[in-house]
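Engineer: Shown below is the structure under consideration.
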Amino acid sequence: MLEELVRRHFGPLIAVLTSDAVENLTARNGLTFAELLTPFLTVQCNIRDPSGACVSSRLVLDMRDLRRDGFLLSLTVLPSVLHEAVSAVASTSDTDLATAAFTDSLLEWAEPAEHELLRTYLACMFAVSTDDPDPVGELARLVQIQHTQQHGGATLETIGPAHCVPPKWMLPNILKYYVLVDDASLADETRANEVFSSMCTTYGDQNCHLLRINSGLAADLPDPWQSCLEVKYRGLESGLELARRNLLSKAAAYTDVVNTTVNTVEASVPMAVKDIAVANSNDVRQVSSRYVGCGRYLDAGDRERITSFVEEMTHNALVPFAERQMRTLNEQITARRGISKSLTTGVRKWFGAATQPPSANSIVTYSQESSEMQTRRLADMCFIFGLYSFAHQLYQSIKKEFALDQAWLYYAGALEMAAVTSYLSNPHIGAKHYPQHYMENALNYYMNTSMRPILAVRAALSSAVILNALELNIEAATQLLRLANLESDLFSGVLQERASVMFGKAGMHRKMAFHYILAGHRFYKAGQNALCIECYKRALPQYADKQWQYAEDHILYKLANECGDAKNALEWCSRLIRCPSGQHAEQQMQFLKLYAALLKANALSSNATPFVHIPIVNSQNIRVIYGERPVEPYAILISDDASQGSGHAVKWKDLELAAFHAVAGPSAAFRPTPLVSDATTDNSKVRSTPPFEPLRVQLELRNPLDVPLTLRSLRLGVKGDPASVELSTVDEMILVAESEWNQLELYVIPGEETTDLHITSLVFELVVDDTCVACQIPLSVRGPRLNMTKKQLIVCRLRIALRAPASEVNGYGISLLFFYRGTNGMVREQRHLISIDTRPLLETSVRLLDASIGMCVLRAHNLISTRDSVLAKVELLRVRSVVSGKTIMSSAGDMTNCLTTWPIVYLRPVRNRNVQLECDQVDNYCFLACGDKVAGSSNELWLSDPISDLPEWPTLPLFCAPDVSYLPRESPSNAADRGLPLSLSFGVVWKANVVNTDGTLANVFGENFTGNPYPAGYSIPGCIDFTFLPSNREHPVNTMGTFSTCDVNLDEILDESRALVCTVTAHPPVISHDFSIRRFCAIPVRVTVMNCDRRHRSCELLLRFSVPDQIAANHLEATRERQTSASMTSLPLMQSAAVSSATMRQPLMVADRTVCRAKLPYGEKHVFSIRLSVACASVYEVDCFEANAKFEGDERELSLTLPTAYATVIDKRVM
């Protein structure tokens, strides 16, 4: 992205001077000569740097007519043009497009600075026409104009527009290229050839070109000019007009002495918002219509000739000229770097400058022919031609010279370009190698020392692109915010918006929302209302419904008040009318006025009565009375309680039943006739009401606001034709602030032709000051929930436990389908798609401590950091063992897992306890895993109280269906079948209490699966007849318990290095010893080696005891002294701990034998019995041996890996 931006705006700059006849020829196509060439200025070429290295570069030439185009004045014209360029695309509400328009216009029109030559003219193209009376003479006149402007001291006003700065030239002798334009429609080729021959004789063949245009109509050819020219000149014309009005406004403010209250408008501040909107609409239409239908007389041949012309000029003239100039500059710079230069630089470095801090008063300038500016000129030429590596070396060299001279503006420019070329020369550079501090220092010198805010903004936008590509989004946002306090609201708004985008990419959503609000405020002040609304819209989700009421209200009010869409504005404003509201009464009234105005605007546009939610209607206390009776309190006439008047109980249902049978007969089916409907009655059926009698509706209203509400013309809303019914009306009802429930009764009388009646809402007129708008509140009478019978239970509730993916994912989709089939054979389905995001929460692993008894330790680590915004407390609930193996084919031909052939690994705790992990906490839990069942053991070990409804997730088997073994259902009878590999894993069920960033709480259940901790060749105690595969350490089982789907060959696992199976045990593993009686405790250790070589070879074994270093010996001596002293004074000796040292993990151990040898035939085992002596109580690793083996007939010596084994020594004095 940055490379494309550099190509488009920092390409070779070529000035264009044309005769009037040339412009007349191109005007037939609605274009100037420079505009005619614009779509064809991209050229692919090869160019050599001064060292001779050839680089392929894609150049985008920038041709500007000196009489019409140029670079704009920074203080008076450029801000207005930037404002209009952004306004031209602001209606799309795309902030990325607005930032791109701002950046393009800034780089396109900003005037070149004195410390660099990037935007200076390298060449000048002179164009004359065969229609000129004297083309050669006209060509000479144009050349003289350019020469006078560059060398004769003439200003740009003589040849260019007043709003542009005078052109600057990169070299004293620029490239001059001469073009003869011929109108092909006139068919006067003889004159064109004669004139062109004269031009070639005068200026050389390589620098001249004959271009023929206007050959014919461009029928059905695309228009390449409209899109590129509209983008290039976007906002230019309207911006110039805006700048002119601003200048006139300032002039009038200074000259008008009578009206002293006139507000002067600064050149960098746009005009009022309403005026800008009118100007923008007119100017956009002018620009868009100007470039429509360009190139009408340029056929395909003309366009090919223009392309060939640009390529020929680039390859034959521009590139050779640039190569010669760069070589010459490089030779001159090298020659100047002599001994005197080195001595001068050294003296200046040691005794001169760079001792004072940077200040704005230290202004240093260089002549264009100084060695420093020559180096900068060469670096800039390399940069614009895409020689980024060579340019980077030059920028690195020259920035040191500028720093020594305290030329801070020049130094900042060199730092900026050194950072840019460092990235462009190595697109795959990493974040650690990119010189980020270059840009930071450049921004500091641009802003604080040189006072060049436009240059600082240019550097900040380029740096943000680079840092974004390197995923340094926080650093990019920080750099952008350093410039966010600029006086220009537009500049500050663009930088704030870009910083918000960077914070969003970094996952810092609160900061993103905060700076979106700041950006929206600056955009509003700059007159960019559409961008202001877009920024506020992006910030709203981070504040809505998250206890940030004042911030949320500010955003909603801004959106509702400034948004041009009445429908969206009403939606945002309706959220301001909330209950309860933390705003004061005056603010609530302001919200209410806006709400009423928007309601009225929407009602006029949609021709419908809008729904509102104020005042509040008590939906649980709406009563509907059918007919004129009862007039008395309805509760007495429908209740089955004791009558208040007679003192005895009356069953109204029984009386109604007796009266019905007395009139209709005892055999008639009884249907009750309800009198009243409310929240206590069954409202599932349609009721009947007598005609010509009032159907009364009683309801309660309440005003939740701190301001009074005035309601007029209250009536019921009826579905259908209102002329067929008679409606009652309440003229006015005033609800005081924070009122209690107010009773309201309305009625509707159905007419003769009314067959059905549906009351939908309460209709009234809301009056706020002078605004009166018709509104309605929906009404519905809800009865009790129907959940008493099987017929009424129509909702099926399911509890589903979803197992999250094992790895961290975003937007992981889970598809659910619920399928139901009734007794009548009909079916129904319901589909849901759930999207989830996961993050690491808990890490578990199981390690083998003692293979002889199956002692294992479970290590659990809460992965949520204490510095994270999310808090999680994890509790381990259960550990279970899972044994699985190959899929087995039964005799019936179907697949089965044949669970009867697999053993059960029983689990027992060493000491059962609860395990709870706070953030970033680690805990270890010891348990025994063996195949021997004892009382109270099972394959499930609960660490907490058992949970009955805990979801069970199956673990996937190690082998897939393609690997099928045809085995019988019964248990295997021979050892070969029993040796089929099985897999063992442990499932750890946990529960986490998570506090999210928004303050919400969540309970999460999960199960982690860990692999078999036993190494290859080891048998699980109690399961010696079965072979268990070891865990694949290079590709461990993931935390969710899924296994690898590929088969594992035991012959490949049990290679030569594992042909000898070793075990290390301490007998007993726990020893109690009194160190006051005997200073050393003996630990019997057995090292057992079994020969399982596949070639049936015998081997020689060599076992060496690992001797501790001198530090351990010193520690042992110190321990003896402490023990002796403790024995003499009869003080209790505390349990010793291992020395905390990088070279020692435990106290010293001494073996009775340091070297043991044995010869081991195939199929046998040998036991080395060794006694270790220790001097203090501790937990010891007793696998402190080095084992080597050499097989018969093989000279290689194999190193054996001994499993970890522990022995615990307890001091009896502290028991």
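The opening position of the sequence shown corresponds to residue 216 in our numbering, with each subsequent residue numbered one higher.
Glycine included, C-beta positions come from ideal geometry on N, C-alpha and C.
None of the values given here were measured: they were computed from a predicted structure.
Whole-angstrom Cβ separation of Val922 and Leu813, contact assumed at under 8 Å?
Structural biologist: As a working note, residue 922 is residue 707 in the sequence shown. As a working note, residue 813 is residue 598 in the sequence shown. So it is not a contact: roughly 17 Å between Cβ atoms.
Engineer: Between the C-alpha atoms of Val499 and Cys443, what's the straight-line distance to the nearest angstrom?
Structural biologist: In the sequence shown, residue 499 corresponds to position 284, counting from 1. In the sequence shown, residue 443 corresponds to position 228, counting from 1. Low confidence applies to Val499: its pLDDT is 35, below 50, so where it sits in the model is not reliable, and the reading given next is rough at best. Distance between the alpha carbons of Val499 and Cys443 is about 15 Å.
Engineer: What residue does the alpha helix (DSSP H) around His362 start on, and which one ends it?
Structural biologist: Start at 1 with the first residue of the sequence shown, and residue 362 comes out as number 147. Taken as a continuous stretch (DSSP letters only), the alpha helix (DSSP H) holding His362 covers Pro350 to His366.
Engineer: Express the C-alpha separation of Gln757 and Arg725 in angstroms, rounding to a whole number.
Structural biologist: Your numbering for residue 725 matches position 510 in the sequence shown. Your numbering for residue 757 matches position 542 in the sequence shown. Cα to Cα, the separation comes out at about 6 Å.
Engineer: Assuming Leu687 and Leu710 form a contact by the criterion Cβ under 8 Å, report the distance between their Cβ atoms to the nearest whole angstrom.
Structural biologist: As a working mapping, residue 687 is identified with position 472 in the sequence shown. As a working mapping, residue 710 is identified with position 495 in the sequence shown. The Cβ separation is near 17 Å, so there is no contact.
Engineer: Kindly confirm or deny that the region 1380 to 1391 and the region 1195 to 1209 touch, where touching means at least three C-beta pairs closer than 8 Å.
Structural biologist: Cβ pair count under 8 Å is below three, so no.
Engineer: Any contact between the region 1304 to 1317 and the region 1367 to 1382? By contact I mean 3 or more CB pairs, one from each, below 8 Å.
Structural biologist: Touching, yes.
Engineer: CB-CB under 7 Å to Asn422, same chain, minus the five flanking residues each way: which ones, in chain order?
Structural biologist: Along the sequence shown, read from residue 1 onward, the residue named residue 422 stands at position 207. Closer than 7 Å at Cβ, skipping near neighbours: Lys391, Tyr392, Tyr393 and Ala532.
Engineer: Helix, strand or coil for Ser928? Go by DSSP, reduced to three states.
Structural biologist: Indexing the sequence shown from 1 puts residue 928 at position 713. DSSP places Ser928 in strand when its eight states are reduced to three.
Engineer: With respect to the alpha helix (DSSP H) encompassing His769, which residues constitute its N-terminal and C-terminal limits?
Structural biologist: By one-based count along the sequence shown, residue 769 stands at place 554. Its alpha helix (DSSP H) spans residues Gln764 to Glu777.
Engineer: Pull up the distance between the alpha-carbon of Thr969 and that of Ser939, whole angstroms please.
Structural biologist: Indexing the sequence shown from 1 puts residue 969 at position 754. Indexing the sequence shown from 1 puts residue 939 at position 724. Thr969 and Ser939: Cα-Cα distance of roughly 6 Å.
Engineer: Going by other Cβ atoms of all chains shown within 10 Å of its Cβ, with 16 needed for buried, is Ile1235 buried or exposed?
Structural biologist: Reading the sequence shown from its first residue, position 1020 is the one you call residue 1235. Buried: at least 16 other Cβ atoms inside 10 Å.
Engineer: Tell me the rounded alpha-carbon separation between Arg518 and Ile428.
Structural biologist: Counting from 1 along the sequence shown, the entry for residue 518 is found at position 303. Counting from 1 along the sequence shown, the entry for residue 428 is found at position 213. Spanning the two alpha carbons is a distance of roughly 8 Å.
Engineer: For Ser1080, collect the residues of the same chain with a Cβ closer than 8 Å to its Cβ; drop the 5 residues on either side in sequence, then sort them by chain order.
Structural biologist: Residue mapping note: residue 1080 aligns to position 865 of the sequence shown, counting from 1. Closer than 8 Å at the Cβ level, and outside the excluded window around Ser1080, lie Cys1134 and Asp1135.
Engineer: Spatial neighbours of Trp324 within its chain, please: C-beta separation below 7 Å, excluding the five flanking residues on both sides.
Structural biologist: Here residue 324 refers to the residue found at position 109 of the sequence shown. For Trp324, where only same-chain residues beyond five positions count, the Cβ hits under 7 Å are Phe286, Leu287, Leu293 and Val296.
Engineer: Suppose you measure from the CA of Phe255 to the CA of Tyr418; what does that come to, to the nearest Å?
Structural biologist: Start at 1 with the first residue of the sequence shown, and residue 255 comes out as number 40. Start at 1 with the first residue of the sequence shown, and residue 418 comes out as number 203. Approximately 25 Å, taken between the alpha carbons.
Engineer: Would you mind listing the beta strand (DSSP E) stretches within the region 1062 to 1102 that are 3+ residues and don't spill past its ends, in chain order?
Structural biologist: DSSP runs (the beta strand (DSSP E)) wholly in the region 1062 to 1102: 1070 to 1077 and 1086 to 1100.
Engineer: Do Ile964 and Phe907 have their beta-carbon atoms positioned less than 8 Å apart in this structure?
Structural biologist: Your numbering for residue 907 matches position 692 in the sequence shown. Your numbering for residue 964 matches position 749 in the sequence shown. Yes, Cβ-Cβ distance for Phe907 and Ile964 is below 8 Å.
Engineer: What's the C-alpha gap between Trp623 and Lys614?
Structural biologist: Within the sequence shown, numbered from 1, the residue matching residue 623 stands at position 408. Within the sequence shown, numbered from 1, the residue matching residue 614 stands at position 399. Between Trp623 and Lys614, the C-alpha separation is close to 10 Å.
Engineer: In chain order, what are the residue ranges of uninterrupted alpha helix (DSSP H) at least 4 long that sit wholly in the region 256 to 323?
Structural biologist: The region 256 to 323 contains these whole alpha helix (DSSP H) runs: 293 to 305.
Engineer: If you count every other CB in all the chains shown that lies within 10 Å of the CB of Ser582, and 16 or more means buried, which is it?
Structural biologist: By one-based count along the sequence shown, residue 582 stands at place 367. Exposed is the call here.
Engineer: Determine the DSSP secondary structure at Phe706, reduced to helix, strand or coil.
Structural biologist: Taking the first residue of the sequence shown as 1, we reach residue 706 at position 491. Of the three classes helix, strand and coil, the one that applies to Phe706 here is helix, per DSSP.
Engineer: Verify whether the separation of the beta carbon atoms of Arg917 and Ile792 is less than 8 Å.
Structural biologist: Within the sequence shown, numbered from 1, the residue matching residue 917 stands at position 702. Within the sequence shown, numbered from 1, the residue matching residue 792 stands at position 577. The answer is no: Cβ separation not under 8 Å.
Engineer: Under the DSSP definition of a beta bridge, which residues are partnered with Tyr962?
Structural biologist: For the purposes of this step, residue 962 is identified with residue 747 of the sequence shown, where counting begins at 1. The partner list for Tyr962 (beta bridge, DSSP) reads Arg911.
Engineer: Counting along the chain, where does the alpha helix (DSSP H) carrying Glu527 start and finish?
Structural biologist: Start at 1 with the first residue of the sequence shown, and residue 527 comes out as number 312. Element bounds for Glu527: Ala515 to Met528.
Engineer: Cutting at 8 Å between CB atoms, please list the residues of its own chain near Ile1298, excluding the five before and the five after it.
Structural biologist: Counted from its first residue, the sequence shown places residue 1298 at position 1083. Cβ within range, chain order: Ala1281, Ile1286, Met1364, Arg1386, Leu1387, Ser1388, Val1389, Tyr1395, Val1397, Ala1422 and Val1424.
Engineer: Just the Cα atoms here: how many angstroms apart are Ser678 and Asp264?
Structural biologist: Working through the sequence shown from its first residue, we reach residue 678 at position 463. Working through the sequence shown from its first residue, we reach residue 264 at position 49. Computed Cα separation, rounded: 26 Å.
Engineer: Excluding sequence positions up to five away, which residues of its chain have a Cβ less than 6 Å from the Cβ of Tyr1488?
Structural biologist: No answer is possible for residue 1488: it lies beyond the span of the chain, which begins at 216 and ends at 1430.
Engineer: Could you pull the start and end residues of the beta strand (DSSP E) that Thr986 belongs to?
Structural biologist: Start at 1 with the first residue of the sequence shown, and residue 986 comes out as number 771. Start and end: Thr986 to Pro993.
Engineer: Can you check DSSP and say which residues form a bridge with Leu395?
Structural biologist: What you label residue 395 is simply residue 180 of the sequence shown in a count that begins at 1. Paired residues: Val343 and Leu425.
Engineer: Note down the Cα distance separating Ala434 from Val446, rounded to an integer number of angstroms.
Structural biologist: Position 219 of the sequence shown, counting from 1, holds the residue named residue 434. Position 231 of the sequence shown, counting from 1, holds the residue named residue 446. So the alpha carbons of these two residues sit roughly 25 Å apart.
Engineer: Within its chain, find whatever has a CB closer than 7 Å to the CB of Val983; leave out the 5 residues flanking it on each side and keep chain order.
Structural biologist: Residue mapping note: residue 983 aligns to position 768 of the sequence shown, counting from 1. Counting only Cβ-Cβ distances below 7 Å, and skipping sequence neighbours, we find Leu807, Lys808 and Ala811.
Engineer: For Ser703, which of Leu746, His298, Ser1022 and Ile949 has the nearest alpha-carbon?
Structural biologist: Your numbering for residue 703 matches position 488 in the sequence shown. It is His298 whose Cα lies nearest to the Cα of Ser703.
Engineer: Please report the distance separating the alpha-carbon of Ile1068 from that of Val1279.
Structural biologist: Translated into the one-based positions of the sequence shown, residue 1068 becomes position 853. Translated into the one-based positions of the sequence shown, residue 1279 becomes position 1064. Spanning the two alpha carbons is a distance of roughly 12 Å.
Engineer: Identify every residue that forms a DSSP beta bridge with Ala230.
Structural biologist: Working through the sequence shown from its first residue, we reach residue 230 at position 15. Per DSSP, Arg279 and Cys339.
Engineer: Exposed or buried, which one is Trp956 when buried takes at least 16 other CB atoms within 10 Å?
Structural biologist: Within the sequence shown, the letter at position 741 stands for residue 956. With fewer than 16 other Cβ atoms within 10 Å, it is exposed.
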